[in-house]
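Structure, as structure tokens:
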Amino acid sequence: MLRSYRRFKKPLLRLAHPARPYIAIITVWLAGASLAIAQNPPPPAAPLSNLQTLGQRIFQDRNLSEPPGTACINCHSPNNGFASNNGSRIGVPFGSRAGAVGTRNAMTNAYGAFVPTFSFRLKDGDTDPVGGHFWDGRADTLALQALGPFLNSAEMNNPSSAAVVKKIAASNYANLMRAEFGATIFSDPNLAFQKLGVAIAAFESSAQLQPFSSKFDAFVQGKTALTATESRGMKLFQDPLRANCASCHTMNPASRNPQDSLFADFAFYATGIPRNDSIPANANPAHFDLGLCGPDRTRPALGANVPADVSIEKFCGTFRMVTLRNVAERQAYMHNGVFKNLRQVVSFYATRNSDPKRWYGPAGVPNDLPAAYLNNILNDRPPFNRPKSAGPALNEAEIDDVVAFLKTLSDGYTQTAAVPAPPPLAPPSNVLRSPF
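Written out as structure tokens, the structure reads:
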């Protein structure tokens, strides 16, 4: 744009015209705008290693389901924060076969490389399960998690690991498998299947899934500023007496290293999420998803560090905390996908205690856990220890502020230098003013 303008600049400035000062002002402003754009080119994409490239090819391969058509990326789309439901709008994913519907919302696998191995944590007198992949923590590593959907009848529906390996052996990237794991890798289907998980985990550990490129990341690095609304939201997010989100979704904005703000402590909690009646399995009133206690996993053995008076029953109905990074991009929220937008989630936390009928119906009692486990629901910290008479923990404007802050956690923020508006164009002194 500036180059084209220079072709005409001198003839224009030679004009004996009272508007000449305007042209000079606009010329300077355009130059500043071009400079601002040039100073902020988009960051280059980080190259993938050969192993990561192989993992990406497997992650995107829609031939690896039965019937074909569903890949990992169908439920973990980068356009949705790596958490989507394969076209479903009921909060849980469609599987590859006709009529197959899951029971849990697809969990984001972005930033999954930071999830620790499952264990029990003792902290400040509390015992909490922590870590592991999936909502119930049943897979200790990214590689193990990556293999699960291939053989799940409600997901990719393959009859066996050998069937998956056979499809990859016939793919146009089979040579990448041989290059990474040896020329005879496909002769041992069990080993080859395990290596698929290794490759996918390598891709999921790449900067493509954990780029730390959000506005919040730019903010803690001193590269940009939050708006007044975003700043108010962050203050509420951290306020231990109000929203108190940071007590579970841990952050450290004082650190210039974004990795110190993962927005999850990866512990398990039961927060009283309402039942999602759109899930076909929930048509049976006796069906309950107990998270850590099943039905998708067996109840884990308590660690040797767990006090003798703590029973595994205490953790039935708990689900692992997910990172809030890219949370605004997701299509559904919570383990059962009952909420379809971010504002609903914040509103639930703000009003769960003050207006329970809004969330649970006329009885006003949490409706997605058996009565025996209702005491497992978190109620010992703000905003969950708030008495009903105290009213909402946040008002409507404050809910909007928190949502605005959460939107700063979306990756792909492109900072552009502020381009000041040109100064007001006051008439030059040598221009005759109209007497009218």
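Just so we're aligned, residue 3 is where the sequence shown starts under my numbering, counting upward by one. Where is the CB? At the ideal position from N, CA and C, for every residue including glycine. Keep in mind the model is a prediction, meaning the values are calculated, not measured.
Beta-carbon proximity list for residue i, same chain, < 8 Å, skipping 5 on both sides
i             : result
asparagine 81 : Glu331
serine 155    : Gly97, Arg99, Ala102
leucine 380   : Tyr271, Ala272, Thr273, Gly274, Phe386
cysteine 250  : Ala266, Asp267, Ala269, Tyr271, Met323
valine 404    : Gly235, Leu238, Phe239, Ala245, Cys247, Val348, Leu396
glutamine 261 : Phe116, Phe214
Sheet register partners of residue i (DSSP bridge)
i                 : result
alanine 269       : Val132
threonine 320     : Gly293
valine 103        : Phe96
lysine 169        : BP columns for lysine 169 are empty, so no partner.
phenylalanine 341 : Tyr335
lysine 125        : Asp128
alanine 2         : Outside the displayed range of the chain (3 to 438) lies residue 2, so it cannot be described from this structure.
alanine 141       : His135
Close Cβ partners of residue i (< 6 Å) along its chain, the five nearest in sequence each way excluded
i                 : result
isoleucine 202    : Gly57, Ile60, Phe61, Ala148
asparagine 369    : Arg277, Tyr362
leucine 442       : The structure shown does not extend to residue 442, since the chain is modelled only from 3 to 438, so the question has no answer here.
isoleucine 92     : Ser280
tyrosine 375      : Cys318, Gly319
proline 282       : Val103
tyrosine 476      : Any answer about residue 476 is impossible in this case: the structure gives the chain only from 3 up to 438.
serine 163        : Phe195
glutamate 157     : Gly97, Pro151
alanine 73        : Gln62, Asp63, Arg64
arginine 388      : Asn355, Ala395
leucine 228       : Phe221
phenylalanine 218 : Thr410, Leu411
heavy atom of the ligand SAM below 7 Å from residue i C-beta
i          : result
glycine 89 : You won't find the ligand SAM in this model; it holds no ligand whatsoever.
Close-in-space but distant-in-sequence residues of the same chain around residue i (CB under 7 Å, 5 per side omitted)
i              : result
glutamate 398  : none
valine 200     : Ala145
proline 309    : Thr129
asparagine 246 : Arg383, Pro384, Pro385
glycine 85     : First, the residue type needs correcting, since residue 85 is alanine and not glycine in the sequence shown. If we look at alanine 85 and ignore the five residues flanking it on each side, its Cβ neighbours are His78, Ala108, Met109, Thr110, Arg332.
alanine 171    : Phe188
Rounded separation between residue i and residue j - CA only
i                 : j                 : result
leucine 193       : arginine 99       : 27 Å
arginine 234      : leucine 408       : 11 Å
threonine 231     : alanine 248       : 18 Å
valine 329        : serine 90         : 18 Å
serine 173        : glycine 150       : 21 Å
alanine 406       : serine 391        : 28 Å
methionine 109    : tryptophan 137    : 7 Å
lysine 168        : phenylalanine 188 : 8 Å
alanine 220       : serine 257        : 12 Å
glycine 139       : glycine 366       : 30 Å
alanine 165       : leucine 178       : 19 Å
asparagine 284    : phenylalanine 290 : 7 Å
aspartate 190     : aspartate 382     : 52 Å
phenylalanine 214 : glycine 274       : 31 Å
asparagine 160    : asparagine 65     : 11 Å
arginine 360      : arginine 345      : 15 Å
aspartate 63      : alanine 112       : 18 Å
aspartate 373     : alanine 288       : The sequence given here places alanine at residue 373; aspartate does not occur at that position. Their backbone Cα atoms lie some 11 Å apart in a straight line.
proline 364       : aspartate 241     : 32 Å
glycine 414       : serine 313        : 44 Å
serine 263        : proline 255       : 7 Å
glutamate 315     : glycine 83        : 33 Å
valine 55         : arginine 327      : Per the sequence shown, residue 55 should be read as threonine rather than valine. In a straight line, the C-alpha of threonine 55 is about 24 Å away from that of arginine 327.
alanine 176       : histidine 337     : 35 Å
proline 69        : methionine 253    : 43 Å
Original post:
For the segment 48 to 60 against the segment 196 to 216, are there 3 or more C-beta pairs whose distance is under 8 Å?
Top reply: yes
**OP:** Flag this pair as touching only if the segment 297 to 307 and the segment 108 to 123 have three or more C-beta atom pairs under 8 Å; answer yes or no.
**Re:** yes
Original post:
Of all the alpha helix (DSSP H) runs that stay within the bounds of the segment 214 to 280, which reach a length of 4 or more residues?
Top reply: 217 to 222, 230 to 240
Subject >> Within the segment 331 to 413, ranges of the alpha helix (DSSP H) (whole runs, at least 4 residues) >> reply: 344 to 353, 358 to 362, 398 to 408
Subject >> Start-end ranges of the beta strand (DSSP E) lying completely within the segment 58 to 98, minimum 3 residues >> reply: none
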